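Reading through the structure tokens given below for one structure.
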Amino acid sequence: MRILIWLLVGYLVYRMLRGKKAPEIAKESVATETFQDPVCGVFVAEADAVVGNLEGKRYHFCSMGCLQQFEKIEQQRNQATTTKAEER
8 MRILIWLLVG YLVYRMLRGK KAPEIAKESV ATETFQDPVC GVFVAEADAV VGNLEGKRYH
68 FCSMGCLQQF EKIEQQRNQA TTTKAEER
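Okay, here's the thing in structure tokens:
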């Protein structure tokens, strides 16, 4: 009979201690907006992106190298457009 009482007491203590655990807080997923680099196509989180403004539009790049390459491409495109307009 004593064994049954001790088992019951042990079980109740176990349940009380187990029940007092702090509930685990679910990790909230932080929604971060991602952007595609217009030069290399890599997707970058806004926090990690190199941001460039060109002609009033905001672009996101994975690195300074891609930003510089994009600026060169846009500069060449603008020169070509200007040259075509002058030929007319």
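The sequence shown lines up with residues 8 to 95 when you count with my numbering.
In this text, a Cβ means the ideal position worked out from N, Cα and C, and glycines have one as well.
In this text, all values refer to a predicted model and were calculated from it rather than measured experimentally.
- Annotation: Thr-39 to Pro-45 spans about 19 Å, alpha carbon to alpha carbon.
- Judged by DSSP in its simplified three-state form, Gly-17 adopts helix.
- Just measuring C-alpha positions, the residue of Thr-88, Ala-52, Arg-25, Leu-61 sitting nearest Gln-75 is Leu-61.
- Phe-68 sits buried, since 16 or more C-beta atoms from the chains shown fall within 10 Å of its C-beta.
- Residue state for Thr-41 is assigned as strand, using DSSP reduced to three classes.
- In the displayed model, Gly-72 falls within a helix according to three-state DSSP.
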